[in-house]
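Just so you know, the protein sequences line up as chains A and G, in that order.
Quick note: the first sequence uses the numbering used here, first residue 3, plus one each step.
Quick note: the second sequence uses the numbering used here, first residue 23, plus one each step.
All residues carry an ideal CB built from backbone N, CA and C; glycine is no exception.
Take a look at the structure set out below.
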Amino acid sequence: MKTDKGLPPFIRTWKRFYWLVIIWLVVLILLFYWFTNHFG
Amino acid sequence: MSIVDWVVLAITLLAIVSYGVYRSRGIRNIDGYLLGNRSLSWYHIGFSVMATQASAITFLSAPGLAYSSGMSFVQFYFGLPLAMIVLSITFVPIFHRLKVFTAYEFLEKRFDVRTRVFTAFLFLIQRGVSTGITIYAPAIILSSILQINVTYTTLFIGSLVVIYTAYGGTKAVSYTQLLQMSIIFGGLLAAGYMVVHLLPQGIGFKEALHIAGKSGKTNAIDFTLDLNNQYTVWTGIIGGFFLQLSYFGTDQSQVGRYLTGSSIRESRIGLLMNGLLKVPMQFSILLIGILVFSFYQYNTPPIFFNKLELNKIENSSYQPEVEVLREKHIAVFENKKADIDRLTEALAADDEQQIDELRLRLQDADHQAKEIRADLVSLMKENDSKADTNDNNYIFLSFVTESFPKGLIGLLIAIVFMASMGATASAINSLASTTSIDIYKRFISKKGSEKSDLSASRIFTLVWGVFCMIIALYANRLGNLLEAVNILGSLFYGTILGIFVVAFYVRRAGGRAVLWAAIVTEITVVTIWQLDLMAFLWLNLVGCAGVVFFSLLFQQLFGDKAKPIK
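Take a look at the structure:
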């Protein structure tokens with residue numbers, strides 16, 4: 003087993019990858035909020 | 023089911039099992055058997071983690087939940103992406119660097135053997151019972167389709183999973199899960215397309231969502247601050263975060279998945295992939311549920327979706343009463359259908375006044391339908407006090423078998439089977455890992471040979487498989503299975519997570535303090551649940567915070583010296 007310090011693909015830093023996940027969650031919540039109001 | 027469906031079902035299941043067995047051949051020690059020689063890539067880990075969590079219950083209960091209560095359940099998963107980040111930063115590097123087989127092994131390095139065994143014991147109880155439920159869920163499908171006793175279908179499914187898991191261990195589990203998830207995604211897309219395709223002419227995806235929305239089913243987001251509301255944004259983000267962190271960080275069925283990664287990088291990417299995909303996937307499954315709801319606004323739904331129970335009451339002395347209720351049910355639907363047609367026209371014309379008026383009429387019709395259903399359920403209870411009166415888990419299946427074309431029915435049923443097999447295989451594998459590493463190799467066979475350890479692990483896999491099947495035979499009294507699993511998890515996960523949080527972040531706490539803190543907290547959590555003081559998701563937060571608080575308190579009292587991790 004390697005215990006490397008390899009970086010993630012494309013984004014190049016782990017911090018950016020974590021922010022990407024958080025921003026994606028916020029975008030989803032906003033989309034679902036629109037969905038709730040638009041169709042409800 | 024037609025011959026074509028049986029062929030599709032048989033080929034799919036056979037292919038999956040054969041592939042798993044083929045890819046896992048040549049295992050010679052428990053490192054290979056329990057951790058796949060720590061050699062897997064991020065996409066293996068990502069799909070394996072998703073397949074482990076997405077049991078058959080996800081595909082049976084979630085659409086049923088959306089059909090009856092709407093989309094609010096999606097909020098339950100909002101804490102998951104955040105939990106994946108914390109895991110990637112904290113848990114993954116520590117577990118990898120310490121080269122542990124199980125999460126509980128780490129607790130002995132940090133605290134003492136009693137804390138390790140206590141936590142492993144909580145896990146074994148919780149996971150053993152939950153796995154029984156995940157076996158039972160698809161067993162009701164076969165039971166319903168073949169009209170045979172659920173006992174036989176439970177034993178059949180359980181045995182199938184136990185055989186390939188006992189043979190191939192973790193590698194068989196991970197390789198089959200990769201294939202399973204690919205087929206599951208394809209099948210879900212096909213199911214979504216078919217539901218829309220089956221709607222009446224002139225009613226498309228958008229119109230179907232509007233119809234469901236006017237009946238309160240598109241309630242995906244709720245920002246209200248209500249401790250007793252099970253699904254809000256806050257319970258999802260806060261309570262869900264603790265539940266998911268505990269599940270992925272301390273439940274061996276998940277820890278065992280990402281410990282198979284060839285490096286920290288591979289394990290991290292696999293977990294973050296889950297963080298990106300899980301919420302949209304769950305939303306899509308719930309969306310199918312509300313589309314099925316819209317379908318049944320234009321087509322008469324069965325008065326009760328569980329055919330076995332319906333047949334039972336129809337063949338009893340209550341048959342005349344059931345017939346009266348059925349006529350009322352059809353009459354309510356016919357009136358409602360006229361209103362739905364008017365609503366469709368009002369939506370097209372954007373006539374707000376008419377839409378509001380019809381919304382009230384539809385709510386009234388729903389209320390009448392619920393009263394008829396309640397009367398039927400009362401009759402079922404009178405006829406048989408042990409009758410299964412919750413048909414949520416049958417809604418999607420009933421729709422699929424009655425409306426989908428030949429071949430696709432077989433594929434959809436295969437998906438439910440595969441989901442169950444994936445989750446069950448991971449769970450049985452993790453139960454065997456914990457028993458082998460935290461009990462057998464720790465206390466009984468400290469210096470056993472590779473061959474004898476491997477044989478013992480296989481025997482533990484078989485024993486846990488049998489235990490889970492026994493639990494499955496009693497799972498039919500638990501109502502909505504998805505909620506039952508999550509409630510059970512919430513009773514234990516908070517405490518387990520609290521122990522790990524103290525291990526990672528409260529450096530001055532020692533083994534004696536954390537053990538007593540965990541015991542006191544677990545008793546508190548079970549008492550709160552018994553007294554129904556709050557929604558179950560909050561129990562995760564209470565459990566975690568309780569262990570941290572009591573650990574600090576007891577540490578002051580005991581004053582033991584903590585053991586640092588090197």
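Open item on the list: Quick check on G/Leu-62: does DSSP put it in helix, strand or coil?
Closed with: Of the three classes helix, strand and coil, the one that applies to G/Leu-62 here is strand, per DSSP.
Task: Integer-rounded CB distance, given that G/Phe-327 should sit under 8 Å from G/Ile-394 - done: Contact doesn't hold; Cβ gap of about 14 Å is too wide.
TODO: Could you name the residues that DSSP lists as bridge partners for G/Gly-283?
DONE: Here G/Gly-283 is bridged, per DSSP, to G/Leu-62.
TODO: Can you say whether A/Lys-17 is buried or exposed, counting buried as having 16 or more other CB atoms within 10 angstroms of its CB?
DONE: Under this definition A/Lys-17 is an exposed residue.
Task: Pair within 8 Å by beta-carbon distance, G/Gln-159 and G/Ser-40 - done: In the sequence under discussion, the amino acid at residue 159 of chain G is Ala, which differs from the Gln named in the question. With a cutoff of 8 Å on beta-carbon distance, G/Ala-159 and G/Ser-40 are scored as not near each other.
- [ ] Between the Cα of G/Phe-113 and those of G/Ala-436, G/Gln-274 and G/Ile-25, spot the shortest distance and give me the residue it belongs to.
- [x] Of the listed residues, the one whose Cα sits closest to G/Phe-113 is G/Gln-274.
Task: 6 Å Cβ shell around G/Ile-541 - same chain, five flanking residues per side excluded - done: Correct list: empty, nothing qualifies.
Open item on the list: Whether or not the segment 244-252 of chain G and the segment 541-558 of chain G are in contact is what I'm after, with contact meaning three or more pairs of Cβ atoms, one per stretch, closer than 8 Å; do they touch?
Closed with: In this structure the segment 541-558 of chain G lies against the segment 244-252 of chain G, because at least three pairs of beta carbons, one per stretch, are closer than 8 Å.
Task: Pairwise C-alpha distance: G/Ala-37 and G/Leu-201 - done: Approximately 10 Å between the Cα atoms of the pair.
TODO: Establish whether the CB of A/Ile-25 and some CB of chain G are separated by less than 8 Å.
DONE: Not closer than 8 Å to any Cβ of chain G, the Cβ of A/Ile-25 fails to qualify, so no.
TODO: Could you tell me whether any Cβ in chain G is nearer than 8 Å to the Cβ of A/Thr-15?
DONE: No, no contact with chain G.
Open item on the list: When you compare the CB positions of G/Val-108 and G/Leu-308, do they come within less than 8 Å of one another, or not?
Closed with: No.
- [ ] Could you have a look at G/Ala-371 and say whether DSSP puts it in helix, strand or coil?
- [x] Helix.
- [ ] Let me know the secondary structure DSSP gives G/Tyr-340 once reduced to three states.
- [x] In the structure shown, G/Tyr-340 falls within a coil segment according to DSSP collapsed to helix, strand and coil.
Open item on the list: For G/Leu-401 and G/Tyr-320, I'd like the C-alpha separation in whole angstroms.
Closed with: G/Leu-401 and G/Tyr-320: Cα-Cα distance of roughly 27 Å.
Open item on the list: Contact criterion: CB-CB distance below 8 Å. Does A/Phe-41 meet it with respect to chain G?
Closed with: Taking Cβ atoms only, chain G reaches closer than 8 Å to A/Phe-41, which makes this a yes.
Open item on the list: What would DSSP say about G/Ala-391, mapped onto helix, strand or coil?
Closed with: G/Ala-391 falls in the helix class under three-state DSSP.
Task: Cβ pair count under 8 Å reaching 3, the segment 324-339 of chain G against the segment 165-184 of chain G - done: With the cut-off at 8 Å, the segment 324-339 of chain G and the segment 165-184 of chain G touch.
Open item on the list: I want to verify the contact list: residues of chain A whose CB lies under 7 Å from the CB of G/Leu-294, in sequence order.
Closed with: Around G/Leu-294, the beta-carbon contacts reaching into chain A at under 7 Å are Phe-19 and Val-23.
Open item on the list: I want to verify the contact list: residues of chain A whose CB lies under 8 Å from the CB of G/Arg-50, in sequence order.
Closed with: Within chain A, no residue has its CB atom less than 8 Å from the CB of G/Arg-50, the nearest being about 17 Å off.
Open item on the list: Any contact between the segment 559-576 of chain G and the segment 505-514 of chain G? By contact I mean 3 or more CB pairs, one from each, below 8 Å.
Closed with: Contact between the segment 559-576 of chain G and the segment 505-514 of chain G is established, with three or more Cβ pairs separated by less than 8 Å.
Open item on the list: Quick check on the DSSP output: the alpha helix (DSSP H) that includes G/Tyr-215 runs from which residue to which?
Closed with: Start and end: 172-219.
Open item on the list: Using beta carbons (cut-off 8 Å, strictly below), is G/Ala-371 in contact with chain A?
Closed with: Between G/Ala-371 and chain A, the shortest Cβ-Cβ separation is not below 8 Å.
Task: A/Phe-34 at chain G interface by Cβ criterion, 8 Å - done: By this cut-off, A/Phe-34 is an interface position.
Open item on the list: Is there a C-beta anywhere in chain G that falls below 8 Å from the one on A/Phe-37?
Closed with: Yes, A/Phe-37 counts as interfacial toward chain G.
- [ ] With a 10 Å radius around its C-beta and 16 neighbouring C-beta atoms as the bar for buried, classify A/Thr-5 as buried or exposed.
- [x] Only weak support exists for where A/Thr-5 lies, its pLDDT of 42 falling under 50; the value from the coordinates is given anyway. A/Thr-5 should be labelled exposed.
Open item on the list: Give me the chain A residues within the contact set of G/Phe-113, using Cβ-Cβ distance strictly less than 9 Å, ordered along the chain.
Closed with: Simply none; closest approach about 14 Å.
Task: G/Ala-396 at chain A interface by Cβ criterion, 8 Å - done: With 8 Å as the cut-off, G/Ala-396 does not count as an interface residue toward chain A.
Task: Closest by C-alpha distance to G/Leu-97, when choosing among G/Leu-434, G/Ile-260 and G/Arg-529 - done: The sequence shown places Gln at residue 97 of chain G, not Leu. Residue G/Ile-260 is the option with its Cα nearest to G/Gln-97.
Task: Within-8 Å CB hit, G/Met-303 to chain A - done: Chain A contact via Cβ: absent.
Open item on the list: Buried or exposed, going by whether 16 or more other CB atoms sit within 10 Å of the CB of G/Pro-427?
Closed with: It is exposed - the Cβ of G/Pro-427 has fewer than 16 other Cβ atoms within 10 Å.
- [ ] In angstroms with no decimal places, state the Cα-to-Cα distance between A/Leu-27 and A/Pro-11.
- [x] The alpha-carbon of A/Leu-27 is positioned some 20 Å away from that of A/Pro-11.
- [ ] For G/Asp-27, name the three-state secondary structure that DSSP assigns.
- [x] Helix at G/Asp-27.
Task: Proximity of G/Leu-102 and G/Phe-264 at Cβ, strictly below 8 Å - done: No, these two residues do not count as a Cβ contact at 8 Å.
- [ ] Using a threshold of 8 Å, state whether the C-beta atoms of G/Ala-230 and G/Leu-484 are closer than that.
- [x] Their beta carbons are not under 8 Å apart, which means G/Ala-230 does not touch G/Leu-484 by this criterion.
Open item on the list: Within 8 Å of any Cβ in chain A, is that where the Cβ of G/Met-106 sits?
Closed with: For G/Met-106, at least one C-beta of chain A is nearer than 8 Å to its own C-beta.
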